[in-house]
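Engineer: Protein chains in written order, with full-length UniProt numbering: chain C, 1 to 137; chain H, 1 to 137.
Handing you this structure, nothing more for now.
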DNA sequence: CCCATCTGTAACATTTACCATTACAGTGCA
DNA sequence: TGCACTGTAATGGTAAATGTTACAGATGGG
């Protein structure tokens, strides 16, 4: 899967450990090992969905906008990676019964698969991730 | 996800409609809209797992080696795409608590996710795909 | 026995997707 | 007014995916 998902979770976990102040994209980028611009892009998405707030200018940055246990991995998956599960279908031969219909058959099956995955990912919230990270330490 | 999965399902469905004779990689490639060499690569994997048989030389090709309802999408997923679900993790900063542990935390969660996905994909076999394709037609 | 027809694979070329980087406009604070 | 941030578009580089070529090995038919 897409690494945007990982970056989103990483960033949110970082913010979760700094609830009292704003974090700059530079700090998060350094922790995640990627360029600050990518962090801003991903966080810009999360902001649009009301999960975090941001402020420009001096002293600005990003900060959590919800309770840690209100944000599930499923929500983040949908924002950053919806549809990733769908297997890629090369354009097949429309003149062949198999080629003409394979794509829509697989599509509908994997629509169900993504829903099913959702049931699993809804179990985990950012709070759980924070706890697991602390336990590892 | 990986398009090898789609190609495998496509090929197997094609073979399922030609149970009485061997199919050449050329035919399947034309139906799937990819190069014959790719089909041979994917089918070579399926052969190693005993799902199909192949024969070289004149009159050779590929043919199903099992009952259609014995081969589940999960089995094909595992052969062609195991681990695809894991989100990509850029190497993060080991000096940071978050960076140092994010990868293993996400890894274990998505190990569970893949298992969960397995429960869903086990429901479907090549026979189901063939039926669905026929229904579409 | 030799030739045509396949699979099996490796090597190389090309296209595509992903990501880093640069650049700069807009915003906010002192 | 000047510095410190976010927001975003544009550009370039690199790795992954895919297509293509090439050829060895198996098989069966004249």
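The beta carbon of each residue, even a glycine, is placed where N, CA and C say it ideally should be.
Return helix, strand or coil for residue 57(H), following the three-state DSSP convention.
Structural biologist: Numbered from 1 along the second chain, position 57 holds the residue referred to as residue 57(H). Coil, per DSSP.
Engineer: Please name the residues in the stretch 53–76 of chain C whose beta-carbon is closer than 8 Å to at least one beta-carbon of chain H, in chain order.
Structural biologist: Those residues of the stretch 53–76 of chain C placed with their C-beta closer than 8 Å to a C-beta in chain H are 73, ordered along the chain.
Engineer: Give me the Cα-Cα distance between residue 48(H) and residue 64(H), rounded to the nearest whole angstrom.
Structural biologist: Here residue 48(H) refers to the residue found at position 48 when the second chain is read from its first residue. Here residue 64(H) refers to the residue found at position 64 when the second chain is read from its first residue. Rounded to the nearest whole angstrom, the CA to CA distance from residue 48(H) to residue 64(H) is 13 Å.
Engineer: Flag residue 5(C) as yes if its beta-carbon sits less than 7 Å from any beta-carbon of chain H, otherwise no.
Structural biologist: What you label residue 5(C) is simply residue 5 of the first chain in a count that begins at 1. Yes, because at least one Cβ of chain H sits closer than 7 Å to the Cβ of residue 5(C).
Engineer: Just to confirm my understanding: we take residue 73(C), look at its own chain, exclude 5 residues before and 5 after, and list those with CB closer than 6 Å. What are they?
Structural biologist: Counting from one through the first chain, the residue named residue 73(C) turns up at place 73. 121, 124, listed in sequence order.
Engineer: Judging by CA-CA distance, which residue of 61(H), 15(H), 26(H), 77(H) is the nearest neighbour of residue 127(H)?
Structural biologist: As a working mapping, residue 127(H) is identified with position 127 in the second chain. Ranking 61(H), 15(H), 26(H), 77(H) by Cα distance to residue 127(H) puts 15(H) first.
Engineer: Would you say residue 39(C) and residue 46(C) are within 7 Å of each other, going by their C-beta atoms?
Structural biologist: Stepping through the first chain from its first residue, residue 39(C) is reached at position 39. Stepping through the first chain from its first residue, residue 46(C) is reached at position 46. The Cβ atoms of residue 39(C) and residue 46(C) do not sit closer than 7 Å to each other.
Engineer: Let me confirm a value: residue 105(C) is counted as buried when at least 16 other C-beta atoms fall within 10 Å, else exposed. Which label applies?
Structural biologist: Working through the first chain from its first residue, we reach residue 105(C) at position 105. That one is buried.
Engineer: Below 7 Å between beta carbons: does that hold for residue 113(H) and residue 68(H)?
Structural biologist: By 1-based counting over the second chain, the position of residue 113(H) is 113. By 1-based counting over the second chain, the position of residue 68(H) is 68. No. Outside cutoff.
Engineer: Among the candidates 2(C), 12(C), 99(C), 56(C), whose CA atom is the shortest distance from the CA of residue 98(H)?
Structural biologist: The residue labelled residue 98(H) in the question sits at position 98 within the second chain. If we check each option's Cα against that of residue 98(H), 12(C) comes out closest.
Engineer: Note down, in chain order, all residues in the stretch 15–31 of chain H with a beta-carbon under 8 Å from any beta-carbon belonging to chain C.
Structural biologist: 17, 30, 31
Engineer: Report the neighbours of residue 82(H) on chain C: residues whose CB is nearer than 9 Å to its CB, in chain order.
Structural biologist: On the second chain, residue 82(H) is found 82 positions in, with the first residue counted as 1. None at all; the shortest Cβ gap to chain C is about 13 Å.
Engineer: In its own chain, which residues sit with a C-beta less than 7 Å from the C-beta of residue 82(H), not counting the 5 before and 5 after it?
Structural biologist: Counted from its first residue, the second chain places residue 82(H) at position 82. Taken in chain order, the list of residues that qualify is empty.
Engineer: Once the 5 residues before and after residue 66(C) are set aside, which same chain residues still bring their CB inside 7 Å of it?
Structural biologist: Counting from 1 along the first chain, the entry for residue 66(C) is found at position 66. Contacts found: 51.
Engineer: For residue 13(C), would you say it is in contact with chain H, using Cβ-to-Cβ distances shorter than 7 Å as the test?
Structural biologist: Taking the first residue of the first chain as position 1, residue 13(C) is located at position 13. At least one chain H Cβ lies under 7 Å of residue 13(C).
Engineer: Kindly list, in the order they appear in chain H, the residues whose Cβ is closer than 8 Å to that of residue 133(C).
Structural biologist: To locate residue 133(C), count along the first chain from 1; it is residue 133. Simply 97, 98, 101, 102, 105.
Engineer: Just the chain H side, please: which residues come within less than 7 Å of residue 118(C) by C-beta, in chain order?
Structural biologist: Mapped onto the first chain, residue 118(C) falls at position 118. Within 7 Å of the CB of residue 118(C), no CB atom of chain H is found; the nearest one sits about 10 Å away.
Engineer: Taking Cβ-Cβ distances shorter than 8 Å, what residues in chain C pair up with residue 169(H)?
Structural biologist: This structure cannot settle anything about residue 169(H), because the visible part of chain H is limited to 1 through 137.
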